[in-house]
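Working notes for the structure below.
There are 2 protein chains.
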Amino acid sequence: MTLTGNMLIGQQAITGHREAIQAIDPATDKPLDPAYPGGTGEQVEQACALAWAAFDRYRETSLTARAEFLEAIASEIEALGEALIERAMRETGLPRPRILGERGRTCQQLRTFARTVRAGEWLDVRVDNAQPQRQPLPRPDLRQRQVALGPVAVFGASNFPLAFSVAGGDTASALAAGCPVIVKTHSAHPGTSELVGQAVCRAVKNSGLPEGVFSLLFGSGREVGIALVCDPRIKAVGFTGSRSGGITLCKAAQARPEPIPVYAEMSSINPVLLFPAALQARGDALAHGFVASLTQGAGQFCTNPGLVIARQGPALDAFIAAAADLIRHSSAQTMLTPGIFNAYEAGVGTLTENTHAQTVAAGQASTGPNQCQPHLFVTRAQHFLADNHLQAEIFGAASLVVQCADDNEIHQVIEHLEGQLTATLHLDDADQDSARALLPVLERKAGRLLVNGWPTGVEVCDAMVHGGPFPATSDPRTTSVGTAAILRFLRPVCYQDFPDTLLPTALRHGNPLQLRRLLDGQKEG
Amino acid sequence: MTLTGNMLIGQQAITGHREAIQAIDPATDKPLDPAYPGGTGEQVEQACALAWAAFDRYRETSLTARAEFLEAIASEIEALGEALIERAMRETGLPRPRILGERGRTCQQLRTFARTVRAGEWLDVRVDNAQPQRQPLPRPDLRQRQVALGPVAVFGASNFPLAFSVAGGDTASALAAGCPVIVKTHSAHPGTSELVGQAVCRAVKNSGLPEGVFSLLFGSGREVGIALVCDPRIKAVGFTGSRSGGITLCKAAQARPEPIPVYAEMSSINPVLLFPAALQARGDALAHGFVASLTQGAGQFCTNPGLVIARQGPALDAFIAAAADLIRHSSAQTMLTPGIFNAYEAGVGTLTENTHAQTVAAGQASTGPNQCQPHLFVTRAQHFLADNHLQAEIFGAASLVVQCADDNEIHQVIEHLEGQLTATLHLDDADQDSARALLPVLERKAGRLLVNGWPTGVEVCDAMVHGGPFPATSDPRTTSVGTAAILRFLRPVCYQDFPDTLLPTALRHGNPLQLRRLLDGQKEG
Chain A
1 MTLTGNMLIG QQAITGHREA IQAIDPATDK PLDPAYPGGT GEQVEQACAL AWAAFDRYRE
61 TSLTARAEFL EAIASEIEAL GEALIERAMR ETGLPRPRIL GERGRTCQQL RTFARTVRAG
121 EWLDVRVDNA QPQRQPLPRP DLRQRQVALG PVAVFGASNF PLAFSVAGGD TASALAAGCP
181 VIVKTHSAHP GTSELVGQAV CRAVKNSGLP EGVFSLLFGS GREVGIALVC DPRIKAVGFT
241 GSRSGGITLC KAAQARPEPI PVYAEMSSIN PVLLFPAALQ ARGDALAHGF VASLTQGAGQ
301 FCTNPGLVIA RQGPALDAFI AAAADLIRHS SAQTMLTPGI FNAYEAGVGT LTENTHAQTV
361 AAGQASTGPN QCQPHLFVTR AQHFLADNHL QAEIFGAASL VVQCADDNEI HQVIEHLEGQ
421 LTATLHLDDA DQDSARALLP VLERKAGRLL VNGWPTGVEV CDAMVHGGPF PATSDPRTTS
481 VGTAAILRFL RPVCYQDFPD TLLPTALRHG NPLQLRRLLD GQKEG
Chain B
526 MTLTGNMLIG QQAITGHREA IQAIDPATDK PLDPAYPGGT GEQVEQACAL AWAAFDRYRE
586 TSLTARAEFL EAIASEIEAL GEALIERAMR ETGLPRPRIL GERGRTCQQL RTFARTVRAG
646 EWLDVRVDNA QPQRQPLPRP DLRQRQVALG PVAVFGASNF PLAFSVAGGD TASALAAGCP
706 VIVKTHSAHP GTSELVGQAV CRAVKNSGLP EGVFSLLFGS GREVGIALVC DPRIKAVGFT
766 GSRSGGITLC KAAQARPEPI PVYAEMSSIN PVLLFPAALQ ARGDALAHGF VASLTQGAGQ
826 FCTNPGLVIA RQGPALDAFI AAAADLIRHS SAQTMLTPGI FNAYEAGVGT LTENTHAQTV
886 AAGQASTGPN QCQPHLFVTR AQHFLADNHL QAEIFGAASL VVQCADDNEI HQVIEHLEGQ
946 LTATLHLDDA DQDSARALLP VLERKAGRLL VNGWPTGVEV CDAMVHGGPF PATSDPRTTS
1006 VGTAAILRFL RPVCYQDFPD TLLPTALRHG NPLQLRRLLD GQKEG
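Chains as they are written, first to last, in the numbering used here: chain A, 1 to 525; chain B, 526 to 1050.
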């Protein structure tokens, strides 16, 4: 479990030949050893060749074997023990409970996908039996299943060094679907990445799988990433990160001779609507909940509540005053990287200088490096509607309250929003009619709607949608969290009049895998 | 049921202001009245505004109401009677039985989608009940359903004037999903399009739906089409046509501020593999089946068998000789349009001039205009592997036999293929091991694999896949024929901790729609 600075290309630890990246402890701004030399184009090729060689065999592993492989990854990650926790804390500045929680979530996610793989619903087996006597033409025997798309390139996120990084949601769902994975690590946590990568490689080896099922590449900037996305053997991309980064990958994927899907989770300000009765009845409690959600993890969540929308008046004024007070007493927190801190400062600076946004509170300052001071701003609906900069995401603990004159203005503000991961409604019984009128708009704008909760905290389960219209994601038809994420890496294949001996097991007569099939239009029990 | 030359923008018949298109009877090369002036940018806007205004209401129609609407469209098309059949025959040159069959298929397709809508499986309802006692954090109540993407632009195909045109598969599946549809008609059959469009408009009116649920636009070239794809209110595109046309729409859709999915079905040569034992045992029957599939409808099908792959030797020579003889006796057939005829002639000319392809047979000539003479060519695997022009689609009744030295060369030829809609295997028991070895490659190459059949004839059912890797389609994750086509026009939305009174009916406690939900990880019976 020593850190080597090597990439993992299949089962080989290989040193890159390009400029090295090095993690920085954001609490001290000091670099952390070892250095991680970046991969070359040839090394990207090597990983893609291995992934391609592994694909046909890996995608046809039995449901049991694939599920056990995912569970083995979880066990290997747990076996990394304290070394992983400590390295992740140093590389991210995140506190121990957060890293422990994230490890738990990562392993639970892998085990949840193992259950999903075993259940086999994702195969979406459809059987239309032959009708040789049908007039005017007989119907052939037609059977459909889902097959894996091909090797997938996964880009780790900075803000979830475990749960959305090397063995995170994108990797788990792609492996579950039967796709080999090549991870381009996030440069903020290479040591954490190497440790988890070693764990995955051990699981590959101990599961007797072809080595190309998993590789891990380091690389500065976009060179390795673009080479990966443009390699003809890569058939899909998973990405969590900035809007500009996501759009760059989408454009590269579309410019290929064979375009491929990119699942990029990019940008969201997660509007929170405070309805009058709720605001009146419990403005103070709402302010507490809001500030807790806003400042958690220095606000470095894609679901951070960056926008509050409500009707102007004394109740909203009281909410703003209470929230401002809580923010003024909030401690500064270390952000993940100097780059993220600088972007946060720039975003806050731009909003501070905007004549139509008023700064109502800033959190406590701190002398250390990369310290996030929470910020709260207020603006009026007419300014928000007139200036698109007011809905630019500031990644960190900053939020903007939009004061609206009436329901009509609230409606306009929501209709004016770009696509979002979440939209939250705080309401009491008396607010239900107003809320109902807004639901059609909110459903068009966001992938997840919440009542009387806070958007941070994304459950890994069947019903979760962590997705939404552009620019929240590049593909609103999917989710990157929860078991439905497996559907991103599949395509249907139909088998017509195949003899049983040539059919994939899932499609054979007699249903040997005991799947719930759509049989002649009826779902089997 | 008179033809007016007008577009249908919602319930209004409106004359375009741009250059008119006019159908041409391909059997005589004479224009057919009336002329259809093309739509302007403003008229595209008008249709999009109506579709947008209709969207929120239409997508929440009950399953029953939406199913009845689809059935009403089918009845209205049938009620057009002989006028539709005659106009379609004149505009396409297709014979009466083919047009009658296609009308039947179109109406069956609409009724099949009605059944699919009623069954509600496509809502993919997922419920994870709250776990308030869970440690360390309670789990909220989470419910997911699929909602419609938004208004869809549909581009009619030339070769299916009914089944893949105004009320064809793309329109039926988009309407089934809850999306308003704006059709940009194919310029080859404007009269047929107007008649069917009038039928759909009557169904909209009689079903009491908002008029923007359906509009029909005419337009020369790409002007109206691109304006439609670029309108921010359009959220997805369905297209069946040429590779260049499909790629143009994909690029336009990706260049929008908010990129949208394009489902383009474009280009496929549908390889047919003849295995040794089958070829030996029944080469003559295979030749008959092959030529029948190749020449049906003048070969104007996306699933036309444009490529035959087999091991060289006496059995293949006999097959080629038998097929050549049948082709030499084949009558010429009128093609759909002068443009398609000219492209066919150009494709055949290019192949004739290719020094590595040998012309082995041409069908009978005819003096009329736009007459397709079937063609059969032969080449060797090494030439096919060296020259990508040999796998360019020739839309029409032309096919190329690739002679391979051994199994290894067959494998190379298949691996060298671009993405396909179909791949066909003709085999006997003794061929099964060879076939099995090729299946992993074929599964990567095509959306539908057939044994001992012919690829033309695409069944509308649950298990059908009419799709495949690029360039067969722009999105291999989907099918454009069969009930799974509805899934193209949906996105998931998750509702967290919603009171029952605000939940969509499909997600309410007590399961009022009696859907088969995924409930706490278990599929309900």
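C-beta: ideal position from N, C-alpha, C; glycine also.
Please read all numbers here as calculations on a predicted model, not as lab measurements.
Item	Value
Neighbour flag for Pro476 (chain A) against chain B, beta carbons, 7 Å	yes
N- and C-terminal bounds of the beta strand (DSSP E) containing Leu142 (chain A)	142 to 148
Phe995 (chain B): contacting residues in chain A (beta-carbon distance under 7 Å)	Glu258, Pro259
Alpha-carbon to alpha-carbon, Asn6 (chain A) and Gly208 (chain A)	23 Å
For Arg670 (chain B) and Pro1017 (chain B), the rounded distance between their alpha carbons	6 Å
Members of the region 512 to 524 of chain A that neighbour chain B once the beta carbon cut-off is set at 7 Å	Arg516, Leu518, Gly521, Lys523
Residue environment, Gly566 (chain B), which counts as buried when at least 16 other CB atoms sit within 10 Å	exposed
Contact set between Pro492 (chain A) and chain B, taken where Cβ atoms lie within less than 8 Å	Gly972, Val990, Gly992, Arg1002, Thr1003, Thr1004, Ala1009
Cutoff 7 Å: Leu975 (chain B) Cβ touching any chain A Cβ	yes
Backbone secondary structure at Lys523 (chain A) - three-state DSSP	strand
Exposure of Asp124 (chain A), with buried meaning 16 or more beta-carbon neighbours within 10 Å	buried
Chain-ordered neighbours of Pro1024 (chain B) on chain A, where CB pairs are closer than 8 Å	Gln432, Val451
For Gln1021 (chain B): DSSP bridge partner residues	A:Leu450, B:Leu667
Residues near Phe680 (chain B) in its chain [Cβ-Cβ closer than 6 Å; skip 5 each side]	Lys709, Phe764
Exposure of His1051 (chain B), with buried meaning 16 or more beta-carbon neighbours within 10 Å	Outside the modelled stretch of chain B, which goes from 526 to 1050, sits residue 1051 (chain B), for which no answer is possible.
Distance, Arg202 (chain A) Cα to His711 (chain B) Cα	57 Å
Nearest residue (CA-CA) to Ala386 (chain A), options A:Glu19, A:Val402, A:Phe377	A:Val402
Identified DSSP bridge partners for Gly38 (chain A)	A:Arg18
Cβ separation of Leu400 (chain A) and Ala357 (chain A), assumed to be a contact under 8 Å, to the nearest whole Å	7 Å
Of the listed residues B:Pro784, B:Ser745, B:Glu748, nearest to Val762 (chain B) (C-alpha basis)	B:Pro784
For Leu734 (chain B), three-class secondary structure by DSSP	coil
Cutoff 7 Å: Tyr538 (chain A) Cβ touching any chain B Cβ	A question about residue 538 (chain A) goes unanswered here, because the residues of chain A that appear run from 1 up to 525.
Minimum Cβ-Cβ distance from Val262 (chain A) to chain B less than 7 Å	no
C-beta neighbour in chain A for Leu942 (chain B), strict 7 Å	no
Beta carbon of Gln898 (chain B) nearer than 7 Å to that of Ala886 (chain B)	no
Every unbroken alpha helix (DSSP H) within the region 604 to 660 of chain B, with a cutoff of 4 residues, ordered by chain	606 to 617, 621 to 644
Inside the region 867 to 908 of chain B only - alpha helix (DSSP H) runs reaching at least 4 residues	none
Alpha-carbon to alpha-carbon, Leu502 (chain A) and Gln805 (chain B)	21 Å
Cβ pair Leu273 (chain A), Leu425 (chain A) closer than 7 Å	yes
Contact list for Asp128 (chain A) against chain B, beta-carbon separation under 7 Å	Cys986, Asp987, Ala988
Contact under 7 Å by Cβ, Val816 (chain B) with Leu851 (chain B)	yes
Chain-ordered neighbours of Gln144 (chain A) on chain B, where CB pairs are closer than 7 Å	Ala988, Val990
Distance CB(Ala644 (chain B))-CB(Ala802 (chain B)) smaller than 7 Å	no
Beta-carbon proximity check, Leu861 (chain B) vs Ala713 (chain B), cutoff 7 Å	yes
Within 9 Å of chain B by C-beta, residues of the region 203 to 222 of chain A in sequence order	none
Sequence-distant residues of the same chain with beta carbon closer than 8 Å to Val196 (chain A), five excluded per side	Ile77, Leu80, Leu84, Leu162, Ser165, Val166, Ala167
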